[in-house]
Structures are given as C-alpha cells and as structure tokens.
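Notes follow once the structure below has been shown.
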Amino acid sequence: MTLETGFVRILMESKNADIETLTLGFLSADHCGFLRLPTDIPIRLEALTKSTLKLNQPLEPNPANPTDELLLPWLIELHRIRQMRNASDRLLNLLQVLVERFGRRTSDGFVMAWPLSHERLGEVISANRSTITRILNRWSERGQVVIDPTKKTLWMTPQTMAQS
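Residue 33 is where the sequence shown starts when you use the numbering used here, and the numbers rise one by one after that.
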C-alpha cells in the first residue's frame with residue numbers, strides 16, 4: 033500500500049474494557065514505506081486528515097533492509113515513551129518524535145500539521161484527556177508549544193525540541 037496524501041493512524045482493537053483501540057503508529061504521505069501487518073491480528077487504518085491510499089500488489093520486503101518496515105520502529109518508540117513515569121515527559125517525548133518525523137524546521141522553531149485530539153494523545157501515552165490539556169496549556173503559557181486549531185498546526189520551540 034502507498035499513502036499518497038494525508039495523515040493516518042495505525043490501530044488495533046484493545047482487549048482492555050477501558051480502551052476501545054490501541055495506537056500502534058502513524059503514517060504520512062512523506063513517511064510511508066513497507067508496512068508488514070500480522071495476519072492473525074485485525075489491524076486498521078484511521079484517516080486523521082483527508083487521505084488517499086493506493087493499494088498495490090503485495091510485495092515481499094527485502095529482509096536485509098529493515099528501514100522498509102514501518103510498524104516495528106513505532107512500537108519500539110511508543111514502548112520507550114510509555115515506560116516514562118511522568119506524563120509530561122511521556123507527552124514531550126511523543127511530540128518530539130511526531131515533530132521529528134512529520135514536521136519541518138522553520139526560522140521560529142518546528143511546525144507540523146496537527147490532527148490529534150487531546151484524547152488521542154492521552155491514549156497513546158496512557159494518560160487521560162484532562163492531563164494532556166493541563167500540560168499543553170502550561171506549555172502554551174510558557175511559549176514552549178502553540179497549537180493553532182484554525183490552521184490545525186503544532187509549533188514547538190527549538191529549546192523544547194532539545195529537552196530530554
């Protein structure tokens with residue numbers, strides 16, 4: 033498959049009664065390589081922006097080229113992020129990964145298209161929506177992060193991107 037335009041969430045059904053779905057990763061038209069999906073687990077794609085997906089004949093990936101695999105790096109990144117104790121650290125690390133992969137550097141900092149709700153961010157980092165809102169409001173007051181709902185963009189300062 034090839035994602036020609038848009039931003040897509042890779043998800044699966046959750047067996048946890050509290051959570052309907054689990055985010056496995058994200059795709060954009062600029063970052064859509066080979067996606068190997070398990071045949072015994074129902075995996076879905078959710079368009080977060082208007083998206084165009086082209087289905088191709090299945091091709092075997094080159095096993096010597098691990099950069100073709102899309103899902104495994106996301107699972108590793110999300111696992112690393114979820115191991116952090118503090119919700120602020122988890123959110124910061126997730127935003128840094130998203131901006132590094134899907135954003136672009138500008139003279140003022142880093143910017144990316146922003147299709148994610150506070151609820152979705154909370155699901156990804158194992159926090160509730162109100163926690164995400166509080167953290168983003170605090171960062172916004174400090175000028176570290178700006179989410180423009182009219183343009184649907186996220187902006188981060190270089191200092192925020194460099195934090196660890």
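Just so you know, even glycine gets a beta-carbon here, dropped at the ideal spot from N, CA and C.
Might you give, ordered along the chain, the residues of its own chain that have their beta carbon closer than 7 Å to the beta carbon of Gly38, omitting 5 neighbours on each side? Excluding positions up to five away in sequence, the list reads Ala61, Ala79, Thr81, Lys82, Ser83, Thr84.
Is the separation between the beta-carbon of Ala119 and that of Ile157 shorter than 8 Å? It is a contact, given that the beta carbons lie within the stated cut-off.
Leaving out five residues on either side along the sequence, give the residues of the same chain with a beta carbon under 8 Å from the beta carbon of Arg114. Taken in chain order, the residues that qualify are Arg122, Ile157, Ser158.
Please return the same chain residues whose Cβ sits closer than 7 Å to the Cβ of Pro181, not counting the five positions on each side in sequence. Nothing listed; no residue qualifies.
Rounded separation between Met188 and Ile75 - CA only: Distance from the CA atom of Met188 to the CA atom of Ile75, rounded to whole angstroms, is 31 Å.
Since Arg166 and Glu151 should fall inside the 8 Å C-beta cutoff, what is the C-beta to C-beta distance between them, to a whole number of angstroms? About 14 Å separates the Cβ atoms of Arg166 and Glu151, ruling out a contact at the 8 Å cut-off.
6 Å CB neighbourhood of Asn125 in its chain, flanking five on each side removed: Cβ-Cβ distances below 6 Å link Asn125 to Ile113 in the same chain, with the five nearest sequence neighbours on each side left out; the list follows chain order.
Would you list the one or two residues that DSSP bridges to Glu52? The partner list for Glu52 (beta bridge, DSSP) is empty, contrary to what the question assumes.
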